[in-house]
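Engineer:
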Amino acid sequence: MQRLATLIRKVAETDVTVLITGESGTGKELVARALHLLSPRADRQFIPVNCAAIPAELLESELFGHERGAFTGAVAARAGMFQLANGGSIFLDEVGEMNPPLQVKLLRVLQDGDVRPLGAEKATRVDVRVVAATNKDLTREVERGAFREDLYYRLQVVPVAVPPLRERRSDVPLLIEHFLEKLNRARPERPVRISDEALAVLFDYEWPGNVRELEHLLERVVILAEGSVIGVEHLPAAVTSFTVRKKAVDPTLSPQGVDLRSAVADFEVGLIEQALRRTRGNKQAAARLLGMKRTTLVAKMQRREMPPEPIAYHSVA
Ligand SMILES: Nc1ncnc2c1ncn2[C@@H]1O[C@H](COP(=O)(O)OP(=O)(O)OP(=O)(O)O)[C@@H](O)[C@H]1O
Ligand SMILES: [Mg+2]
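Each residue of the sequence shown is one higher than the last, beginning at 22 in my numbering.
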């Protein structure tokens, strides 16, 4: 994400077309807005267009505008999003949903900045920075002929890939902190915080809906938590059962047999290390995760010759 931030800052200074890819809820729109706000166009319009939400037959006139009488019901001329965004940026969200005839028109705009409203005799020149996003694999769409190859290359002059949350789990605690702060600011009479155990469960979860799923989950949980602390018991079953499933181990006895004692030791050390990493070395909290007293944990760590200092477990695996 830090590399991504550097890339955004660098690309924002330029006018090149950017294609943002990533799963749903990873923050593609946020990246698009950042590209605009960090650009010299920041004081001009940022116009988002969701290509999937607008019916195909309307999208052309929405994007490029139309003349009076261009079609039934076009009682007056109307400017399109490209004209409105002149001097600023346009964000073509879900660009993979655009139909082929429109793809041709878009390509023309990208190539020479000429926009021709529906029913217009001639084109007008616009100065618009284009940022597009998709959660589809556009290379596959190109392969199966649903997306024009020339447009694809023209769009992704600079490709920006936003990674799924499960591939950057160290963001989970930071995002939780960010969202809780926001939620607490909105209702200062009952601020809530999250317990170490609940944090650990959220850290391990797969987040198929990415940051959006995390944001919505916290909104709900903050309401459900009666006290001031969000515990594991407040988390949805889908989230907690995921961690339980992941924890279930299925040891196999190889034909050569196994040294049970050292296998058990490995198992124990592995779980203790995980618990300590999750709690950033907090032995009290780690012991609770393992269902034992702090003194028992310390004794086990000594017996297994594990480093006692909390700092040894601060790296986030
Ligand atoms: N790094 C982040 N910090 C804070 N909030 C974030 C971050 N990334 C995403 N969000 C929030 O998560 C939500 C989803 O982000 P966004 O709408 O940008 O996702 P998206 O990739 O466009 O999703 P979709 O493909 O479903 O449209 C938004 O509310 C956004 O503000
Ligand atoms: Mg989006």
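Idealized CB from N, CA, C, for every residue including glycine.
1) Here's a check: name, in chain order, each residue in its chain whose Cβ is nearer than 8 Å to the Cβ of Val37, leaving out the five neighbours to either side.
2) Quick check on the burial criterion: 16 or more other C-beta atoms within 10 angstroms. Buried or exposed for Asn120?
3) Between the segment 283–291 and the segment 244–264, are three or more C-beta pairs nearer than 8 Å?
4) List the DSSP bridge partners of Thr42.
5) Going straight from the alpha carbon of Gly140 to that of Asp148, what length do you get?
6) Determine, using beta-carbon pairs with one atom in the segment 227–237 and one in the segment 306–314, whether at least three such pairs fall under 8 Å.
7) Residues with a Cβ closer than 6 Å to any heavy atom of ligand 2, in chain order?
8) Tell me where the beta strand (DSSP E) around Ser110 begins and ends.
9) Roughly how many angstroms lie between the CA atoms of Ala338 and Ala154, to the nearest whole one?
10) Suppose only complete runs of 4+ residues qualify. What are the alpha helix (DSSP H) ranges in the segment 272–309, listed by chain order?
11) Within the same chain, show all residues whose beta-carbon is closer than 8 Å to that of Val260, passing over the 5 residues directly before and after it, in chain order.
12) Can you tell me whether DSSP reads Arg62 as helix, strand or coil?
13) Let me check one thing: in DSSP terms, what residues is His87 bridge-paired to?
14) May I ask you to list the residues that DSSP assigns as paired with Phe67?
15) Tell me whether Met102 is buried or exposed, calling it buried when 16 or more other Cβ atoms sit within 10 Å of its Cβ.
16) What is the residue span of the alpha helix (DSSP H) that His255 lies within?
17) Which residues in the same chain have their Cβ closer than 6 Å to the Cβ of Tyr173, if we skip the five residues on either side of it in sequence?
18) Within 9 Å of any Cβ in chain B, is that where the Cβ of Ser82 sits?
19) Name the residue from Glu118, Arg299, Leu105 and Ala74 whose alpha carbon lies nearest to the alpha carbon of Ser216.
20) By the 10 Å Cβ neighbour count, where 16 or more other Cβ atoms means buried, how is Leu281 classified, buried or exposed?
21) Taking buried to mean at least 16 other C-beta atoms within 10 Å of its own C-beta, is Leu51 buried or exposed?
22) Taking all protein chains shown into account, do 16 or more other C-beta atoms lie within 10 angstroms of the C-beta of Asp133, making it buried, or fewer, making it exposed?
23) Does the distance from the CB of His57 to the CB of Ala33 come in under 9 Å?
24) Please state the DSSP three-state secondary structure of Ile197.
25) For Ala73, which residues from the same chain have a beta carbon less than 8 Å from its beta carbon, with the 5 sequence-adjacent residues on both sides left out?
Structural biologist: To lay it out plainly:
1) Here residue 37 corresponds to residue number 16 of the sequence shown, with the count starting at 1. Within the same chain, Val37 has close Cβ partners Val178 and Val179.
2) Along the sequence shown, read from residue 1 onward, the residue named residue 120 stands at position 99. Exposed is the call here.
3) Fewer than three pairs of CB atoms, one per stretch, sit closer than 8 Å, so the segment 283–291 makes no contact with the segment 244–264.
4) If you number the sequence shown from 1, residue 42 lands on position 21. Per DSSP, Thr155 and Ala182.
5) Stepping through the sequence shown from its first residue, residue 140 is reached at position 119. Stepping through the sequence shown from its first residue, residue 148 is reached at position 127. When rounded, the distance between both Cα atoms is 21 Å.
6) Output reads no: the segment 306–314 does not touch the segment 227–237.
7) Residues lining ligand 2 by the Cβ criterion, that is a Cβ closer than 6 Å to any of its heavy atoms, are Lys49, Glu50 and Asp114 in chain order.
8) Looking up residue 110 in the sequence shown gives position 89. Annotation for Ser110: the continuous beta strand (DSSP E) segment containing it runs Ser110 to Asp114.
9) Within the sequence shown, residue 338 is the residue found at index 317, counting from 1. Within the sequence shown, residue 154 is the residue found at index 133, counting from 1. Confidence at Ala338 is low in this model, with a pLDDT of 38, below 50, so the placement of that residue is unreliable and no value is reported for it.
10) DSSP runs (the alpha helix (DSSP H)) wholly in the segment 272–309: 281–299.
11) By 1-based counting over the sequence shown, the position of residue 260 is 239. Here the set comprises Val222, Leu223, Tyr226 and Leu238.
12) Sequence index remark: in the sequence shown, residue 62 carries index 41 (1-based). It is coil, neither helix nor strand.
13) In the sequence shown, residue 87 corresponds to position 66, counting from 1. Beta-bridge pairing links His87 to Arg99 and Leu139.
14) Within the sequence shown, residue 67 is the residue found at index 46, counting from 1. Bridge partners of Phe67: Ser110.
15) Here residue 102 is taken as the residue at index 81 of the sequence shown, counted from 1. Around the Cβ of Met102, a 10 Å sphere holds 16 or more other Cβ atoms; the residue is buried.
16) Walking along the sequence shown from the start, residue 255 turns up at place 234. Neither: His255 is in no alpha helix (DSSP H) and is coded neither H nor E.
17) Residue 173 sits at position 152 when you count from the first residue of the sequence shown. Excluding positions up to five away in sequence, the list reads Leu159 and Val163.
18) No chain B appears in this structure, which consists of one protein chain only.
19) Residue 216 sits at position 195 when you count from the first residue of the sequence shown. Closest by alpha carbon: Arg299.
20) Walking along the sequence shown from the start, residue 281 turns up at place 260. It counts as exposed.
21) Taking the sequence shown and counting its residues from 1, the one referred to as residue 51 is at position 30. By the Cβ neighbour-count rule, Leu51 is exposed, with fewer than 16 other Cβ atoms within 10 Å of its own.
22) Taking the sequence shown and counting its residues from 1, the one referred to as residue 133 is at position 112. Asp133 comes out exposed.
23) In the sequence shown, residue 57 corresponds to position 36, counting from 1. In the sequence shown, residue 33 corresponds to position 12, counting from 1. Going by C-beta atoms, His57 is nearer than 9 Å to Ala33.
24) As a position in the sequence shown, residue 197 is number 176, starting the count at 1. The DSSP-derived three-state label of Ile197 is helix.
25) Counting from one through the sequence shown, the residue named residue 73 turns up at place 52. Asp114, Glu115 and Glu118, listed in sequence order.
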